[in-house]
Structure formats: C-alpha cells, structure tokens
Amino acid sequence: MRCFLVYDIPHDGKRGKIADACLDYGLDRIQFSAFMGVLRATQQDELMLKVKRILGKQPGKILLFGVNAADWDARKEISYIAEDKRPKPRGLPQPIPETALDHDPDAI
142 MRCFLVYDIP HDGKRGKIAD ACLDYGLDRI QFSAFMGVLR ATQQDELMLK VKRILGKQPG
202 KILLFGVNAA DWDARKEISY IAEDKRPKPR GLPQPIPETA LDHDPDAI
C-alpha cells in the first residue's frame with residue numbers, strides 16, 4: 142500500500158536518524174519531514190517500531206498513514222522544478238538546438 146510518513150521532531154539528531162530509517166525502507170523524501178512509498182503492513186509495523194525506538198522519550202510526533210489507489214489517483218498536485226542555476230562547464234561543445242527540420246523530413 143502507498144504510505145506517507147510525516148513527522149515533527151525538534152531534536153536534529155533524532156530527526157536525521159528517522160529520515161535515514163525512512164530511506165532504508167525505500168521511502169522517497171517528498172518534503173523535509175515527509176516521506177512516501179509503498180510498504181506492506183508488516184513493513185509499516187517494523188518501521189513504526191524502529192522510529193519509536195529512535196525517538197525514545199524526546200518530544201515529537203510521527204504519523205504513518207496509507208492511501209488507497211482511488212484516493213491517490215484523485216490527488217491534486219502543484220509542482221515547480223527550480224531552474225538549475227549552476228554554472229555550465231566552459232570549453233565543452235554545446236548541443237545544437239533542434240529545429241522542425243530535425244523531425245519532419247518533408248519540411249524541406
């Protein structure tokens with residue numbers, strides 16, 4: 142089942158270890174303190190036991206919930222990908238922009 146795990150944990154060390162546990166279970170980070178992925182029921186139980194041990198008596202809240210296929214398909218999402226602002230390497234050949242001629246042999 143597709144699952145979401147979200148948490149609010151003030152202690153940096155505990156928060157990092159819980160994030161590592163989520164990644165170990167194959168979950169993808171979708172926000173700083175939110176992960177998503179597919180987990181079987183037994184994996185959900187194991188992960189919650191693990192993060193409970195990691196959190197210990199420190200303050201925090203961890204939520205794991207499943208989303209059925211119909212609800213997932215009905216989701217609404219807005220996602221913008223930031224433009225890569227890193228400098229481009231110099232001295233390397235740059236790709237030639239594609240034109241309509243590249244795709245339509247009858248365009249000539």
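In this text, residue positions in the sequence shown follow this note's numbering: the first is 142, and each later residue adds one.
Where a beta carbon is used, it is the ideal one built from N, C-alpha and C, also for glycine.
Report yes or no: do the region 148 to 162 and the region 208 to 216 share at least 3 C-beta pairs separated by less than 8 Å?
No: fewer than three Cβ pairs fall under 8 Å.
With distances taken Cα to Cα, identify the nearest neighbour of Asp-153 among Leu-196, Asp-225, Tyr-221 and Cys-144.
Nearest C-alpha to Asp-153: Leu-196.
Report the rounded CA-to-CA distance for Phe-145 versus Gly-207, giving the unit in angstroms.
One Cα belongs to Phe-145, the other to Gly-207, and the distance between them is close to 6 Å.
Just to confirm before moving on: does the CB-CB distance between Val-147 and Leu-188 stay below 8 Å?
The Cβ-Cβ distance between Val-147 and Leu-188 does not fall below 8 Å.
For a minimum of 3 consecutive residues, which ranges assigned as the beta strand (DSSP E) are wholly contained in the region 158 to 223?
The qualifying runs are 169 to 172, 175 to 179 and 202 to 208.
Across which residues does DSSP place Arg-143 in a beta bridge pair?
DSSP, once it has assigned bridges, lists Val-179 and Val-208 as partnering Arg-143.
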